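Engineer:
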Amino acid sequence: MIERYEEYLKYELNYSNYTIKEYIIHVKEFLFYCDENKIDYLNINKDIIIDYLKKIDNLSNKSISAILSSLRCFYNYLLDNKMIEVNYFKLISNPKLEKKLPTFLNYEDIRKVIDSIEETDTLSIRNKMIIELLYATGIRVSELKNIKIKDINFSEKSIKVMGKGSKERIVFFNNHSLIAINKYLENRGFNNDYLVLNNKGKEITVRGIELIIKNVIDKACLKVHVSPHTFRHTFATHMLSNGCPLKSVQELLGHASLSSTEIYTHITDDYIKSEYLKNMPRR
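Note that our numbering gives residue 164 to position 61 of the sequence shown, counting from 1, and the numbers run on in steps of one.
1) Quick check on this structure: which residue in Ile-187, Ser-227 and Glu-235 has the alpha carbon closest to the alpha carbon of Phe-276?
2) Around the Cβ of Pro-348, are there at least 16 other Cβ atoms within 10 angstroms (buried) or fewer (exposed)?
3) Where does Val-327 fall in DSSP's three states?
4) Jot down the residue ranges of each uninterrupted alpha helix (DSSP H) in the region 234-263, minimum 4 residues, whole runs only, in chain order.
5) Going by DSSP in three states, Ile-273 sits in which element: helix, strand or coil?
6) Do Ile-312 and Leu-226 have their C-beta atoms within less than 8 Å of each other?
7) Can you tell me whether DSSP reads Glu-221 as helix, strand or coil?
8) Please state whether the Cβ-Cβ distance between Lys-260 and Glu-271 is less than 8 Å.
9) Can you tell me which of the three DSSP states Leu-300 falls into?
10) Let me check one thing: in DSSP terms, what residues is Met-342 bridge-paired to?
11) On a CA-only basis, which of Gly-346, Thr-340 and Ser-360 is nearest Thr-206? Give me that one, please.
12) How many angstroms separate the CA atom of Ile-307 from the CA atom of Asp-150?
13) Can you list, in chain order, the residues of its chain with a C-beta nearer than 8 Å to that of Asp-143? Leave out the 5 residues immediately preceding and following it.
14) Leu-298 and Ile-250 - do their beta-carbons sit closer together than 8 Å?
15) Mind checking whether Val-319 and Val-216 have CB atoms under 8 Å apart?
16) How long is the line joining the alpha carbons of Val-274 and Phe-257, rounded to whole angstroms?
17) So does the region 117-125 actually touch the region 159-168, counting three or more Cβ pairs closer than 8 Å?
18) Can you name the start and end residues of the alpha helix (DSSP H) that Cys-347 belongs to?
19) Please list the terminal residues of the continuous alpha helix (DSSP H) segment that includes Asp-150.
20) Within a Cβ cutoff of 8 Å, which residues of the same chain sit near Tyr-111, ignoring the five residues on either side of it in sequence?
21) Return the chain-ordered list of same chain residues with a C-beta closer than 8 Å to the C-beta of Leu-145, the five sequence neighbours on each side being excluded.
22) By a C-beta neighbour count over all protein chains shown, 10 Å radius and 16 as the cutoff for buried, is Ile-284 buried or exposed?
23) Would you report the Cα separation of Lys-124 and Glu-365, rounded to the nearest angstrom?
24) What's the C-alpha gap between Ser-330 and Gly-346?
25) Please classify Cys-176 as buried or exposed, where buried requires at least 16 other C-beta atoms within 10 Å of its C-beta.
26) Can you tell me the Cα-Cα spacing of Gly-357 and Gly-268, whole angstroms?
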């Protein structure tokens, strides 16, 4: 059952490996709960779901929402295959999530991070290229990991990126990134199709890039918390602050919905207000 469902997520819904892994974990945990409590998972009702939610009540609203989405999808699959008659998970709403404004860096912090990387060998040259590209393009770490050299148009300074749901889009990069890419390729050679390689010259993992970013940030000694996704937030905020239309930022980020991008307009409004209050001489 689980194997067939996994194939459904991969080949019919075109979900990413990360999403599939998360969905399968959530389904297995619920099936284990059902088995432990002698519940037929094909014969559940709303009360059983509520009891399960009470059991996982210690989790954050975000985690509970993710679990409900996973199980709603699984029971949709069972419904489509006529294994159940009603998907009771559709009767349960996700908990409300607190909307937190994403953290972003100012331009001076970006320069500080980039300048902290001393290009002494191939690996440090690679690390600088990673930071340059994340900031210049706003791509996700998973998207950076999957870039192949053939995806890069050097003359147009653009990259073909495979985003969420296997959706292709084109992103653009600046001259600093072009210099960084060329320098890295000159040093590492062209013996691997993928752009970013690990310390052994093999295709890097998402976790590998995350560790590189952590080490770079630690060395830069910034006063704010920075995650790999911070560079994506920073890209969007800086683009909007400098007059880029919201719709264009949506396309560059690969957001399916404009509402996902609109959160950055609140950031720029708050930033502009703080700059005004800081610099207005007449209080």
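Note that the Cβ used here is the ideal one computed from N, Cα and C, for glycine as well. Quick caveat, the model's predicted, so the values are computed rather than measured.
Structural biologist: Taking the geometry as given:
1) Here residue 276 refers to the residue found at position 173 of the sequence shown. Nearest option by C-alpha distance: Glu-235.
2) Counted from its first residue, the sequence shown places residue 348 at position 245. Label assigned to Pro-348: exposed.
3) What you label residue 327 is simply residue 224 of the sequence shown in a count that begins at 1. Looking at Val-327 - three-state DSSP - the assignment turns out to be coil, as it is neither helix nor strand.
4) 244-248
5) On the sequence shown, residue 273 is found 170 positions in, with the first residue counted as 1. Ile-273: strand per DSSP, three-state reduction.
6) On the sequence shown, position 209 is the one that residue 312 refers to. On the sequence shown, position 123 is the one that residue 226 refers to. No, the Cβ-Cβ distance between Ile-312 and Leu-226 is not below 8 Å.
7) On the sequence shown, position 118 is the one that residue 221 refers to. Glu-221: coil per DSSP, three-state reduction.
8) As a working note, residue 260 is residue 157 in the sequence shown. As a working note, residue 271 is residue 168 in the sequence shown. Result no, Cβ atoms of Lys-260 and Glu-271 do not sit closer than 8 Å.
9) One-based indexing of the sequence shown puts residue 300 at position 197. Three-state DSSP puts Leu-300 in a strand.
10) Indexing the sequence shown from 1 puts residue 342 at position 239. Paired residues: none, contrary to the question.
11) Numbered from its first residue, the sequence shown carries residue 206 at position 103. Ranking Gly-346, Thr-340 and Ser-360 by Cα distance to Thr-206 puts Thr-340 first.
12) For the purposes of this step, residue 307 is taken as residue 204 along the sequence shown, with counting starting at 1. For the purposes of this step, residue 150 is taken as residue 47 along the sequence shown, with counting starting at 1. Approximately 45 Å, taken between the alpha carbons.
13) Taking the first residue of the sequence shown as position 1, residue 143 is located at position 40. Closer than 8 Å at the Cβ level, and outside the excluded window around Asp-143, lie Cys-137.
14) On the sequence shown, residue 250 is found 147 positions in, with the first residue counted as 1. On the sequence shown, residue 298 is found 195 positions in, with the first residue counted as 1. Their beta carbons are under 8 Å apart, which means Ile-250 touches Leu-298 by this criterion.
15) The count along the sequence shown starts at 1 and reaches residue 319 at position 216. The count along the sequence shown starts at 1 and reaches residue 216 at position 113. Yes, the pair counts as a contact, with Cβ atoms nearer than the cut-off.
16) Taking the sequence shown and counting its residues from 1, the one referred to as residue 274 is at position 171. Taking the sequence shown and counting its residues from 1, the one referred to as residue 257 is at position 154. Going from the Cα of Val-274 to the Cα of Phe-257 covers about 12 Å.
17) no
18) Looking up residue 347 in the sequence shown gives position 244. Unbroken run through Cys-347: none, as it is neither H nor E.
19) Along the sequence shown, one-based indexing puts residue 150 at 47. Counting along the chain, the alpha helix (DSSP H) containing Asp-150 begins and ends at 149-158.
20) Here residue 111 refers to the residue found at position 8 of the sequence shown. If we look at Tyr-111 and ignore the five residues flanking it on each side, its Cβ neighbours are Tyr-180.
21) If you number the sequence shown from 1, residue 145 lands on position 42. The answer, listed in chain order, is Leu-181, Met-186 and Ile-187.
22) Here the question's residue 284 lines up with position 181 in the sequence shown. Buried: at least 16 other Cβ atoms inside 10 Å.
23) Start at 1 with the first residue of the sequence shown, and residue 124 comes out as number 21. Start at 1 with the first residue of the sequence shown, and residue 365 comes out as number 262. Approximately 29 Å, taken between the alpha carbons.
24) As a working note, residue 330 is residue 227 in the sequence shown. As a working note, residue 346 is residue 243 in the sequence shown. Distance between the alpha carbons of Ser-330 and Gly-346 is about 25 Å.
25) In the sequence shown, the residue the question calls residue 176 occupies position 73. So Cys-176 ends up on the buried side.
26) Along the sequence shown, read from residue 1 onward, the residue named residue 357 stands at position 254. Along the sequence shown, read from residue 1 onward, the residue named residue 268 stands at position 165. Distance between the alpha carbons of Gly-357 and Gly-268 is about 10 Å.
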